[in-house]
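Residue numbers (full-length UniProt numbering): 1 to 258.
Here you go:
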């Protein structure tokens, strides 16, 4: 069974990437480039061919982002409010600004009161940017000050609702997994926890055993889950409910949500 390592604090690339790396959409590591948006890796030192065009590794990563995600902006702007901190209205305005629409075009397309209202929104977003920079600075200083900062597990980007259930430390996750997977993640789940926080820990571990790039039929998914836990229907339902998996409306295909 293939298990993706997710139990190391900092595994979530959103947590470790710099602003410049986030803008590019990928991180350069010693032997590879890794996409921050989907964690797809491209090995250095290889020439890649696509549609009769040859690419060196970094250019091929840029091609990957354009082909799979349209652009870094397009990927981030469609993330839910819990990830961006933006209202739907603010997201629509940012998309319009990014597309180069004039204030007059935005006012017409979004049916906003007046052109001056657009300018007020531009100012409000710039203020929000200043606040974000201030918070980033404060958090960086706080981390430098703390001798042994408590290590929290990263929240998966596709979580349907983010609340106190996701305040999970690395120590807490290790303890829960050790209890319910006494033989490791390749063994059986001896019980599905009742506590919501513990459910999330177990569901994340199960989602990590799935091929991140594959689509599963319902039968294939059931077979995969049943190797770990008898009640695969409950696990499958919770994986979707908590935003770990997505599926076609007719249930003909399931995949890890990104």
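Note that the Cβ used here is the ideal one computed from N, Cα and C, for glycine as well.
With a threshold of 16 other CB atoms inside 10 Å of the CB of residue 140, please say whether the residue is buried or exposed.
One-based indexing of the chain shown puts residue 140 at position 140. Exposed is the call here.
For residue 246, does the three-state DSSP call read helix, strand or coil?
Here residue 246 corresponds to residue number 246 of the chain shown, with the count starting at 1. Three-state DSSP puts residue 246 in a strand.
Does residue 36 come out as helix, strand or coil in the three-state DSSP assignment?
If you number the chain shown from 1, residue 36 lands on position 36. It is coil, neither helix nor strand.
Give the range of the beta strand (DSSP E) segment to which residue 144 is assigned.
The residue given as residue 144 occupies position 144 in the chain shown. Segment 115 to 145 is the alpha helix (DSSP H) holding residue 144; no beta strand (DSSP E) there.
Reducing DSSP to helix, strand and coil, say where residue 5 ends up.
For this step, residue 5 is matched to residue 5 along the chain shown. Annotation note: pLDDT 38 at residue 5 (below 50); position unreliable, no value reported.
Kindly indicate the opening and closing residues of the beta strand (DSSP E) around residue 28.
In the chain shown, the residue the question calls residue 28 occupies position 28. 26 to 28 is the span of the beta strand (DSSP E), which, as asked, contains residue 28.
Taking three-plus beta-carbon pairs below 8 Å as touching, is the segment 247 to 256 in contact with the segment 210 to 221?
Yes, they touch.
Name, in chain order, the residues that DSSP records as bridge partners for residue 68.
Numbered from 1 along the chain shown, position 68 holds the residue referred to as residue 68. Paired residues: none, contrary to the question.
On the DSSP letters alone, give me the boundaries of the alpha helix (DSSP H) that residue 229 sits inside.
For the purposes of this step, residue 229 is taken as the residue at position 229 of the chain shown. No alpha helix (DSSP H) contains residue 229, which DSSP labels as neither H nor E.
Just to confirm my understanding: we take residue 92, look at its own chain, exclude 5 residues before and 5 after, and list those with CB closer than 7 Å. What are they?
What you label residue 92 is simply residue 92 of the chain shown in a count that begins at 1. 110, listed in sequence order.
Is residue 257 a contact residue of the ligand ATP, with contact defined as CB to any heavy atom under 7 Å?
Only the bare structure without any ligand can be found here, which leaves the ligand ATP out of the picture.
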